[in-house]
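Protein chains in written order, with our numbering: chain P, 3 to 723; chain D, 14 to 114.
All C-beta atoms in this analysis are idealised placements derived from N, C-alpha and C, irrespective of residue type, glycine included.
Quantities reported herein were computed from a predicted structural model and do not represent experimental measurements.
Contents: one structure, followed by commentary.
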């Protein structure tokens, strides 16, 4: 383990930026100062992250993580949580793209938020977000990761609700925070259960601090059985399911995805950074970081894969019918996150991280591009009022084309390699998913890929290619009014291209979307050009998914695996579900038939992408305003269903039951009664002070009688004796 | 027949009770005062009765003191009543209740 104090500067530079912007920027109100402080602090983090990752003993070069122990935060009996950072291969990759994409988005935002009254507040929150996110990925134990987890949830709330005068911003922010919180419940329970089972919550062994790794401890446990009962048994499966609930909240999967479309009420750079590139990938990070736990819980892996695939398809069907450009991208994000969890669920953790990285590139690109479009269209977000923008915003158009082709999965663009990898690994997964299911999951993934291509093409066509509709009056289009902009008067000036501060990040991200996938070219393709069995990305992340307790060759696997219940399938006498390393991308002798099969599937992926683009073009180029099914446009009425089933009952119970009955009735009632009793007592005692002389006489008499009575009683007692 | 001690005590008690009831129920200040005097005299009767029956002079000594006190109190009290009457034009004790809460 290598100690390096520079690691903490990565997280504290943005924090310092946030503090400076909040305290000083507020006074100065100088946009240039605020922008420079914000971007410089993230820039410092970026430089340090790159240095620490790529230098000769860097995180991506050596197998040991770089650690930085700041202080011992909690130590109570066996429970130990340090404020300590660790950059290993996984967090190194994450830190690299978080800081770099974050930097680009900060630069973009300096242009996008120009003129806003809360400029300093925006950048303070954005820097605070970078601090939280980097704490999340660089933490070396669950509790510190949870601190970052909560921090990004908080910053998401602050930034979604940034526009104080937008009606829908505050409810959206609340919704995001509460949905996250429901997920956090699962996360915390999982964390506690990990502590109970292993006595530790740290990811890494730190001998000189006396800390042992919880993950290594779990990898020594036997693999749980593939039963539904295992979920509630309090074992590794329970831990995995609880942690996954946390991931569904943070990464917007079924059932907790409802906050992400509403979160588009925030400024577009926020949507790009938080809800596309970074915060929503925190769930995937956590699952991959805990891959030991998940691979020991086949039931949990199954659930993860099913939910991932279901979410991907579900969100894609909704995205195809949305009219707000940011909503399409929001549902697209949910869908792509579903892909990442599908990959995790079939054991292809490295593929999931690869997709996280490429998704960060192209989704940030698409969001920033849409931000540029919105900016150029004077804050118009409805695609039905756009069209033909490629003439007016050429740079935005070209860069968005790169993002578009990447997300559709067109070859050599980044998304192609990662998505193809996920689909192939789903089809060929032999562990963790019963045999028939992985073909079904592949089919779901393929349909989703087709839909992705269709709706992204629809977005591009409606925005850039079709006829110009931004001079049309409101009446000709759908009657729904926009809360932020009523077009009483038609936009009289043309849309314009965005300034350099916004277009340069677009160009950089477009380049990354184009070439960023080349680090992960699969062997099936690179072997055609003489490549290495494991591509660069796989080699980089391999240590993350291999485990010291499982140094077994494939032949000896059966004798060392303990099963709590008999496994459901047997192939040639060996259990169908093998230990993690069989499926986690470690080197396996790929036979020629496997390679051909993989190449075939690559072709199928390309075909799906191209067919999707063609379908989208044909459907929407001539008829950009083609009405999509109302059910999809109304997002299957999910929000309404949640309102009716959960929100309204809670609200009614709170208002009628808790507030009226308990708060007003019992507590306030108690206090009122207490007060009234005292007042009544006072009223009674008032008669002693009426100024009423005869009353005084009566009281004196009463007192005298009592005293005489007492003595008479005593005397009578004496007489009796 | 020779009067018993208990008869004297009973008479004194009755007089005292009449005085108490009169103080409480009479509204005229002068009447209240007369009832107070009645109570004092009832007590005097008790003392004298005990002094006579137990051949102890301290009872009668006490009566002297009580009478002195009664006289002084009557003087002061009547002075107060006259002042209050001058200010309020009324001898009704219920009207003198400006010390109420």
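In this chain, residue 91/P is not harboured by any beta strand (DSSP E); it is covered by the alpha helix (DSSP H) spanning 91 to 114.
By a beta-carbon distance limit of 8 Å, residue 320/P does not contact residue 343/P. Their separation comes to about 17 Å. For residue 641/P, the enclosing alpha helix (DSSP H) begins and ends at 640 to 644. For the segment 80 to 113 of chain D, the set of residues with a beta-carbon nearer than 9 Å to any beta-carbon of chain P comprises 106, 107, 109, 110, 111, 112, 113, in chain order. Here residue 22/P carries a helix assignment [DSSP, helix/strand/coil]. Of all residues in the segment 662 to 695 of chain P, those with a C-beta nearer than 8 Å to a C-beta of chain D are 688, 691, 692, 693, 694, 695, reading in chain order. Listed in chain order, the non-local C-beta contacts of residue 210/P below 6 Å within the same chain number zero, local neighbours out to five positions each way being set aside. Check the Cα spacing between residue 72/P and each of 9/P, 33/P, 43/P: the tightest is with 9/P.
At a cut-off of 9 Å between beta-carbon atoms, residue 699/P makes contact with chain D. At a cut-off of 9 Å, the C-beta of residue 25/P has no neighbouring C-beta in chain D.
As the crow flies, the alpha-carbon of residue 248/P is around 18 Å from that of residue 312/P.
Looking at the backbone, the Cα of residue 650/P and that of residue 250/P are separated by about 22 Å. A residue is called buried when at least 16 other Cβ atoms come within 10 angstroms of its Cβ; residue 102/D does not meet this threshold and is exposed. Residue contact check for residue 166/P against chain D: no CB pair falls below 9 Å. Within the segment 20 to 36 of chain D, the residues whose Cβ lies closer than 9 Å to any Cβ of chain P are, in chain order, 33, 36. Proximity of residue 18/D to chain P, defined by a Cβ-Cβ separation below 9 Å, is not satisfied. Interface residue (Cβ-Cβ distance to chain P less than 9 Å): residue 38/D is classified as such. A direct Cα-to-Cα measurement between residue 461/P and residue 627/P gives close to 11 Å. Residue 134/P holds the alpha-carbon nearest to the alpha-carbon of residue 153/P among 703/P, 163/P, 134/P. Put simply, the segment 59 to 68 of chain P does not touch the segment 112 to 125 of chain P. Fewer than three CB pairs are less than 8 Å apart. In this structure, the CA atom of residue 376/P is about 32 Å from the CA atom of residue 13/P.
Neighbourhood of residue 703/P in chain D, by CB distance below 9 Å: 33, 36, 37, in chain order. For residue 623/P, no beta strand (DSSP E) segment is defined; the enclosing uninterrupted segment is the alpha helix (DSSP H) at 594 to 623. Nearest neighbour of residue 51/D by Cα position, chosen from 37/D, 69/D, 31/D, 40/D, turns out to be 31/D. Between the alpha carbons of residue 704/P and residue 85/D lies a distance of about 26 Å. Contact annotation: the segment 421 to 431 of chain P touches the segment 603 to 614 of chain P, with at least three C-beta pairs closer than 8 Å.
Residue 77/P counts as exposed, since fewer than 16 other C-beta atoms from the protein chains shown sit within 10 angstroms of its C-beta. Annotation for residue 94/D: 42 place their beta carbon closer than 6 Å to its own, counting only its chain and skipping 5 residues before and after.
Residue 426/P carries a helical assignment under DSSP once its states are collapsed to helix, strand and coil. A distance of 9 Å or more separates the beta carbons of residue 239/P and residue 173/P. In this structure residue 131/P does not touch residue 164/P by the C-beta definition: roughly 12 Å separates them, more than the 8 Å allowed. Using a Cβ distance threshold of 9 Å, residue 389/P and residue 469/P count as a contacting pair. Take residue 53/D, set aside five residues on each side of it, and the residues of its chain with a beta-carbon closer than 7 Å to its own are 79, 83, in chain order. Secondary structure at residue 247/P: helix, using DSSP grouped into helix, strand and coil.
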